[in-house]
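Novice: For the sequence shown, the working numbering begins at 2 and goes up steadily by one.
Just passing along the structure, written as structure tokens.
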Amino acid sequence: MDLLLGLVIGLSNGLSIVIAQKVGANDKTSTKKAITNGFYLIIILSLLIMILGLRFNKNLFALIHLSQELLPGTITYSSIIFIGAIFAAVYNYESAILRAHGNSVIPLLFLILSAILNVVLDLFFVIICHMGIADVAYATIIAELICCLLCYMYMKKKLDILDFEKKDYCFDLQCIKEHIKVGMPMAFFNHFFLLVF
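Spelled out as structure tokens, the structure:
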């Protein structure tokens, strides 16, 4: 799961470089175009990760010789996490946008809050509600979703650049190419780094 999600994290880091260049050039039109088209890329990649994860997670667990008694719970947990991968992807992208605007503290604070919330929800679901492994996965997704929403609300309040018009939502092939050129090497480097270490 970390290997696949590492692609999204790496891509987000690469996209932040492109967005930061537009912000530095004080070109609001290009910045908005870069943000929306980067979002399209993140959504496409996260959907691809979800599909691949759901399709191959059983095969991957078979490769590491996971015992049959652990397999059903493991498949349940990983499937829910892969379905919720879009929230992790969106948070990382929002974090990249904030970093591109020179703010790396707020995304970190939201991430810490999300981690604490995840632990609290895990304990609540398991100890108080006596729920199973699926609900632990739901706790992770809920924490990620809350982190996404908080990050978005903060950006909406602090960044006037997020006031989009209809033209800003246009799919721009040139912008997508620029994102891929910068973002995909970062995505694969992050993926390779996780694979090695």
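Each residue gets a CB set at the ideal place from its N, CA and C atoms; glycine is no exception.
Alpha carbons only, please: which of R100, S105 and A138 is nearest the one belonging to L118?
Specialist: Closest by alpha carbon: A138.
Novice: Can you say whether P186 is buried or exposed, counting buried as having 16 or more other CB atoms within 10 angstroms of its CB?
Specialist: exposed
Novice: DSSP state of N27, grouped into three classes?
Specialist: coil
Novice: Using the three-state DSSP reduction, which class does D136 fall into: helix, strand or coil?
Specialist: helix
Novice: Output the boundary residues of the alpha helix (DSSP H) element that contains V121.
Specialist: V106 to L124
Novice: Within 10 Å of its beta-carbon, does G133 have 16 or more other beta-carbons around it, so buried, or fewer, so exposed?
Specialist: exposed
Novice: Buried or exposed for E179, please, with buried defined as at least 16 other CB atoms from any protein chain shown within 10 angstroms of its CB.
Specialist: buried
Novice: If we count the other Cβ atoms within 10 Å of its Cβ and call it buried at 16 or more, is N60 buried or exposed?
Specialist: It counts as exposed.
Novice: Given a cut-off of 8 Å, decide if A135 and I81 are closer than it, judged by their beta-carbon atoms.
Specialist: In this structure, A135 lies closer than 8 Å to I81 by Cβ.
Novice: Could you tell me the boundaries of the alpha helix (DSSP H) in which F172 lies?
Specialist: Annotation: F172 is outside any alpha helix (DSSP H) and is labelled neither H nor E by DSSP.
Novice: Looking only at its own chain, which residues have a Cβ that is under 7 Å from the Cβ of Y218, when we skip the five neighbours before and after it?
Specialist: What is shown of the chain runs 2 to 198, which leaves residue 218 out entirely.
Novice: Rank L55, N14 and I147 by C-alpha distance to the C-alpha of T77 and give the top, closest one.
Specialist: L55
Novice: Just to confirm my understanding: we take F83, look at its own chain, exclude 5 residues before and 5 after, and list those with CB closer than 6 Å. What are they?
Specialist: Excluding positions up to five away in sequence, the list reads M51, G54 and L55.
Novice: Can you tell me which of the three DSSP states G85 falls into?
Specialist: Residue state, collapsed to three classes: coil.
Novice: Would you call F111 buried or exposed, if buried means 16 or more other Cβ atoms sit within 10 Å of its Cβ?
Specialist: buried
Novice: Buried or exposed: which applies to G25, given that a residue is buried once 16 or more other Cβ atoms fall within 10 Å of its Cβ?
Specialist: exposed
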